[in-house]
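Q:
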Amino acid sequence: MSEFHSCPGSRMLAFEKNADASAGEIAGTIQSQLAQWPVQLHLISPTAPYYQDSDVLLTADCVAYALGDFHREFLKDHTLAIACPKLDSNQDIYAQKITSWVDDAGINSLHVLIMQVPCCGGLLNLTRNAVENAQRKIPINYTVVGIQGDILEQNCI
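Quick note: the sequence shown uses the numbering used here, first residue 29, plus one each step.
(1) Grab me the residues of Asp89's own chain with a C-beta within less than 6 Å of its C-beta, minus the 5 sequence neighbours each way, in chain order.
(2) Ala111 lies in the beta strand (DSSP E); which residues open and close that run?
(3) Leaving out the 5 sequence neighbours to the left and right, which residues in its chain are closer than 8 Å to Met29 when beta-carbon positions are compared?
(4) Would you check if the stretch 72 to 84 and the stretch 133 to 144 touch, i.e. whether three or more CB-CB distances between them fall below 8 Å?
(5) Under three-state DSSP, which class holds Leu138?
(6) So for Ile168, helix, strand or coil by DSSP?
(7) Any C-beta of chain D sitting closer than 9 Å to the C-beta of His99?
(8) For Leu85 versus Leu141, is the C-beta distance shorter than 9 Å?
(9) Put Met29 into one of helix, strand or coil per three-state DSSP.
(10) Work out the CA separation of Ser60 and Asp120 for me, nearest whole Å.
(11) By how many angstroms is the C-alpha of Leu138 removed from the C-alpha of Arg156?
(12) Might you give, ordered along the chain, the residues of its own chain that have their beta carbon closer than 6 Å to the beta carbon of Arg164, omitting 5 neighbours on each side?
(13) From what residue to what residue does the beta strand (DSSP E) around Gln182 run?
(14) Please state whether DSSP places Ala88 in a helix, a strand or coil.
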């Protein structure tokens, strides 16, 4: 039977379990750092009170599943929006919302988290263009996450 491949990011992979994978876990329940709802970029209002003067984390949908410590390392002290640059439609609305974060909500910072797969780069490109179209100028920090949860690149544009 042949394996179906539509793009490199959709290739099937199975990961070996690391025997020490739970060695770094903390006993007990870990508190969620999610500070608002909704989180899907199509559903959010860019001028909602929790975005005013905030530090925004815009992340590709898959990132939180790949990063074992997503809440503590990235989500803490940020407002959140999630999007999928491959599957979501009407992405021109995303650009408008990102520009509105910068100009209307006056966000302090924007951090974009994407996966290493080629289609995820679209979210970073869309964000870059939206911020360039804003009247205010803010830097974009970004992190590229490997499909096994490792940090491959961190930078600012």
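Every residue gets a Cβ at the ideal spot worked out from N, C-alpha and C, and that includes glycine.
A: Checking against the coordinates, here is how it stands:
(1) Ile110 and Cys112
(2) Thr107 to Ala111
(3) Note that Met29 has pLDDT 46, beneath the 50 cutoff, so the model's placement of it is unreliable and the number below is only indicative. Around Met29: no qualifying Cβ.
(4) yes
(5) strand
(6) strand
(7) In the structure shown, chain D does not exist; there is a single protein chain.
(8) yes
(9) Bear in mind that the predicted position of Met29 carries a pLDDT of just 46, short of 50, making it too unreliable to give a figure here.
(10) 31 Å
(11) 10 Å
(12) Val130 and Asp131
(13) Ile179 to Cys184
(14) strand
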